[in-house]
Amino acid sequence: MSYFKHVCLVEALQSANTPIPRFFSDSIGVCYIAGAIKHDVETLVMPENYFNDAVFESFRALLKRYPIDLVGISSMTGAFNNAMKLALIAKEHGVFVAMGGFHPTVLPEEVLRLDCVDVVVIGEGEATFRELVLHGLSKDIKGLAYKDGSGIVFTGERPVIIDVNSIDFPLRSLRPERYGEKGSEYSIDTIYTSRGCPWTCSFCANDQMHKHWRGRSPENVVEELSMLHDPKKKKHIKIWDANFLTNIKRAEQICDLLIEKGLTNFKFGTESRVKDVIRGERILPKLRQIGLHLIGLGIESPHEKTLSLMNKNNNLEEVKYAIELTRKNGISTEGYFIVGHYSETIEDTMAYPEFAKSLGLSKALFMVMTPYPGTKVFHEYQNAGNIVSYDWDLYNNYSPVVKTACMDALTIVKIMAYCTIAFSGYRSVLRRNSKHGILADLLSRLFSFISIMKVNKSLTENEVRNSLFDAFLMYQEKNPVIESEDNSFSKKQWMETIVISLEHSPGKAIDFVFEQHGIRRNMSIVKRDSEIPTPNAVISLDDLIAFSRAVSIDWMIKVFFTGEILKNNPHLLLNSARFVRQLSRLLADRDLWRISRSAVLLYSGALEPDRAIVRSR
Ligand code: B12
Ligand code: SF4
Numbered sequence: 002m003s004y005f006k007h008v009c010l011v012e013a014l015q016s017a018n019t020p021i022p023r024f025f026s027d028s029i030g031v032c033y034i035a036g037a038i039k040h041d042v043e044t045l046v047m048p049e050n051y052f053n054d055a056v057f058e059s060f061r062a063l064l065k066r067y068p069i070d071l072v073g074i075s076s077m078t079g080a081f082n083n084a085m086k087l088a089l090i091a092k093e094h095g096v097f098v099a100m101g102g103f104h105p106t107v108l109p110e111e112v113l114r115l116d117c118v119d120v121v122v123i124g125e126g127e128a129t130f131r132e133l134v135l136h137g138l139s140k141d142i143k144g145l146a147y148k149d150g151s152g153i154v155f156t157g158e159r160p161v162i163i164d165v166n167s168i169d170f171p172l173r174s175l176r177p178e179r180y181g182e183k184g185s186e187y188s189i190d191t192i193y194t195s196r197g198c199p200w201t202c203s204f205c206a207n208d209q210m211h212k213h214w215r216g217r218s219p220e221n222v223v224e225e226l227s228m229l230h231d232p233k234k235k236k237h238i239k240i241w242d243a244n245f246l247t248n249i250k251r252a253e254q255i256c257d258l259l260i261e262k263g264l265t266n267f268k269f270g271t272e273s274r275v276k277d278v279i280r281g282e283r284i285l286p287k288l289r290q291i292g293l294h295l296i297g298l299g300i301e302s303p304h305e306k307t308l309s310l311m312n313k314n315n316n317l318e319e320v321k322y323a324i325e326l327t328r329k330n331g332i333s334t335e336g337y338f339i340v341g342h343y344s345e346t347i348e349d350t351m352a353y354p355e356f357a358k359s360l361g362l363s364k365a366l367f368m369v370m371t372p373y374p375g376t377k378v379f380h381e382y383q384n385a386g387n388i389v390s391y392d393w394d395l396y397n398n399y400s401p402v403v404k405t406a407c408m409d410a411l412t413i414v415k416i417m418a419y420c421t422i423a424f425s426g427y428r429s430v431l432r433r434n435s436k437h438g439i440l441a442d443l444l445s446r447l448f449s450f451i452s453i454m455k456v457n458k459s460l461t462e463n464e465v466r467n468s469l470f471d472a473f474l475m476y477q478e479k480n481p482v483i484e485s486e487d488n489s490f491s492k493k494q495w496m497e498t499i500v501i502s503l504e505h506s507p508g509k510a511i512d513f514v515f516e517q518h519g520i521r522r523n524m525s526i527v528k529r530d531s532e533i534p535t536p537n538a539v540i541s542l543d544d545l546i547a548f549s550r551a552v553s554i555d556w557m558i559k560v561f562f563t564g565e566i567l568k569n570n571p572h573l574l575l576n577s578a579r580f581v582r583q584l585s586r587l588l589a590d591r592d593l594w595r596i597s598r599s600a601v602l603l604y605s606g607a608l609e610p611d612r613a614i615v616r617s618r
């Protein structure tokens, strides 16, 4: 008979969720913990609603409904304040609280300073948590830290799990319904085919938790995938191993088995190291065959010196070659870059987007250097006095918590915005054939830049406005005129020059001027300092920020999820019962109406700026 019998597990939400669907968590970490104890307890539950504050209410309701005697909370650093809230709620109900995951593993003393946390599970939690459930708190269970009368007790290190095939599959069925799909049926889901990583990049906390690389056998992986496979519904499975391609032979065997068993109705995405892609050249066609469509590569910087300071163990030639290989094999690549390295200057950093473009990446994400506790960069930046904030809510890769020798925190944000703007380019805008098309395209780009900046709760609205505007001015200085790549516009002549202004405040604006000369088009960006009202379409940055406030991240996540599921499975729309259900759900969504109304106002306000005045009255 186990000591704890009624367990609730919950992954604390990141305080700031980036609106990038691939990075939304599927709570797999806690599903692993659930898998380890599923036969030992009478009650095993998880609260509803991952992506908004309703999780707290749902958690409270579970604590009232079941006789929960143990709550297990998972926390990364950026989620720690939410983890604390959950622990406080559990304590209000007098429940024993265990916390695990990256943040408590690295900073157990800090976590145990809270009265609402009873024990920290350090490292991989399956075996440790199971022993805790079975026997209750004991100094004989390795991998725990807890308080006793005289201070904090560390029970000794628990080694990582060597036989990773022995780990129970994550108990996906425990997850609550998410946008109409039950926990084991998620169309967008995560799998780990290995644990750990053989490398030690200076900014990564991997070696605090999962340590060296251990791969599951191909048979074991394919058994789990066969449970996820649905011939009628294409699922998007993220292979979120630290490095899926560490063992190429193993990856190839996984492909072979999937092909042999006909388990190929998947859309896979994964992350890898540049060198592993090169080593894996031979199997790229097979990876494509099983449905791999995207590989994320940590490129980090276009400067060799920085790469070597970060212990990246690859050079820029290899980066170019790896991307060429994936392109040849029909696999898209997404590059991750970190802005705010050591002694890189503003000029050095402004080279990022040009480099990213030259690589032919499908997407590039520019993030800011974030020194997660326990990493090498944490100590380096701390020793140099360069960490400017220990507010864990800001540890999300988009809010700068450091300064460098050459940039203060706000400059780092501006440069991040600059990189995003400069990478995104304007060639697609130039393909639009009407003023309406151009305006809609520009608005959606600006909205996505603002949405990423919104994650940064340390910025005031004024700072968001200034940073974005300054980033455009920096872009304008470097790129006063952008030419269309396409030269086939003779049949679709713009009738006139089209001008759209981005207004910072009265008398301070940037004009985007679109011109057509025969078969070519171009866009010039011109700074304008004049209070004389312009006859052009005007996008007010204030209106845009107000609009982005109206659209919650939670709502965006819902839209992205639904969009992704339908993109992978257009036939679902043809299923009339499902279609009617979807449609009626959509029409009943009040937020949709509210947001559509704000979007129409923003759009029409841009076309006829006077209407913006009417609206604000
Ligand atoms: C896969 C991965 C992701 C995935 C999945 C993340 C997720 N939430 O599950 C994706 C791509 C979505 C992702 C996104 C982000 N990630 Co990430 N990611 C990783 C990666 C590469 C591997 C992690 C892994 O192997 N997990 C395997 C699973 C089984 O482990 P686990 O979830 O940690 O759970 C185990 C233990 O932690 C423990 N445990 C966990 N919870 C609990 C709870 C209890 C009660 C107990 C007892 C035990 C326990 O037991 C579990 C089973 O062994 C690591 C780097 C690395 N190589 O480790 C970075 C890493 C975890 N990510 C990190 C970060 C910062 C992020 C982002 C915030 C970045 C961003 N803004 O985009 C987002 C956050 C997204 C989110 N909503 O959670 C940091 C975390 C550092 C920190 N101290 O917080 C890491 C370490 C990378 C780094 N920079 O150092 N990430
Ligand atoms: S960043 Fe990637 S390659 Fe580097 S140590 Fe972390 S998981 Fe390994």
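Be aware that the sequence shown starts at 2, since it is given in the working numbering, and climbs by one per residue. Idealized CB from N, CA, C, for every residue including glycine. Since we're looking at a predicted model, the values are computed, not measured.
Start-to-end residues for the alpha helix (DSSP H) that takes in residue i
i             : result
glutamine 15  : No alpha helix (DSSP H) holds glutamine 15; DSSP gives it neither H nor E.
leucine 444   : 436–455
threonine 421 : 410–425
alanine 551   : 542–551
aspartate 70  : Aspartate 70 -> no alpha helix (DSSP H), and no H or E assigned at all.
For residue j and residue i, the rounded distance between their alpha carbons
i                : j              : result
glutamine 290    : isoleucine 332 : 10 angstroms
threonine 311    : glutamate 224  : Sequence inspection shows methionine at residue 311; the threonine mentioned does not correspond to that position. Rounded to the nearest angstrom, the two C-alpha atoms are 37 angstroms apart.
asparagine 266   : proline 571    : 14 angstroms
proline 507      : isoleucine 596 : 26 angstroms
leucine 246      : leucine 229    : 21 angstroms
phenylalanine 97 : threonine 156  : 18 angstroms
lysine 528       : leucine 503    : 10 angstroms
aspartate 119    : leucine 14     : 20 angstroms
cysteine 420     : asparagine 387 : 22 angstroms
leucine 443      : cysteine 407   : 32 angstroms
isoleucine 533   : alanine 510    : 11 angstroms
leucine 573      : proline 22     : 20 angstroms
threonine 334    : aspartate 394  : 29 angstroms
proline 303      : alanine 352    : 7 angstroms
tyrosine 180     : serine 553     : 16 angstroms
lysine 364       : isoleucine 300 : 12 angstroms
serine 188       : lysine 235     : 7 angstroms
Run of the beta strand (DSSP E) containing residue i, from where it starts to where it stops
i              : result
serine 506     : 499–506
asparagine 523 : 521–529
valine 378     : Unbroken run through valine 378 is the alpha helix (DSSP H), 377–384; no beta strand (DSSP E).
threonine 44   : 44–46
alanine 1      : This structure gives no information on residue 1, because the portion of the chain shown stretches from 2 to 618.
isoleucine 284 : Counting along the chain, isoleucine 284 falls outside any beta strand (DSSP E), and DSSP gives it neither H nor E.
aspartate 190  : 189–192
methionine 368 : 364–369
threonine 271  : 267–273
Rounded Cβ spacing between residue i and residue j (contact assumed at less than 8 angstroms)
i              : j                : result
methionine 210 : phenylalanine 57 : That pair is no contact at about 26 angstroms.
leucine 10     : isoleucine 34    : 6 angstroms
methionine 524 : valine 539       : Not a contact, Cβ separation roughly 17 angstroms.
glycine 361    : proline 171      : About 36 angstroms; that fails the 8 angstroms criterion.
Cβ neighbour criterion (16 or more within 10 Å) applied to residue i
i               : result
phenylalanine 5 : buried
histidine 213   : exposed
tryptophan 200  : buried
tryptophan 594  : exposed
histidine 380   : exposed
tyrosine 391    : exposed
asparagine 537  : buried
asparagine 384  : exposed
aspartate 54    : exposed
proline 65      : It should be noted that the sequence gives lysine, not proline, for residue 65. Classification of lysine 65: exposed, given that the 10 Å Cβ count is below 16.
isoleucine 505  : Just to set this straight, residue 505 is histidine in the shown sequence, not isoleucine. Buried: at least 16 other Cβ atoms inside 10 Å.
histidine 518   : exposed
methionine 2    : exposed
arginine 196    : buried
serine 344      : exposed
aspartate 190   : buried
asparagine 576  : exposed
asparagine 397  : buried
glutamate 12    : buried
Residue-chain proximity (residue i, chain B), Cβ-Cβ < 8 angstroms
i              : result
isoleucine 439 : Absence of chain B from the displayed structure is noted, only one protein chain being present.
Quiz item: Listed by chain order, which residues have C-beta atoms less than 6 angstroms from any heavy atom of the ligand SF4?
Solution: Cys198, Trp200, Thr201, Cys202, Cys205, Asn207, Ala243, Asn244, Arg274 and Gly299
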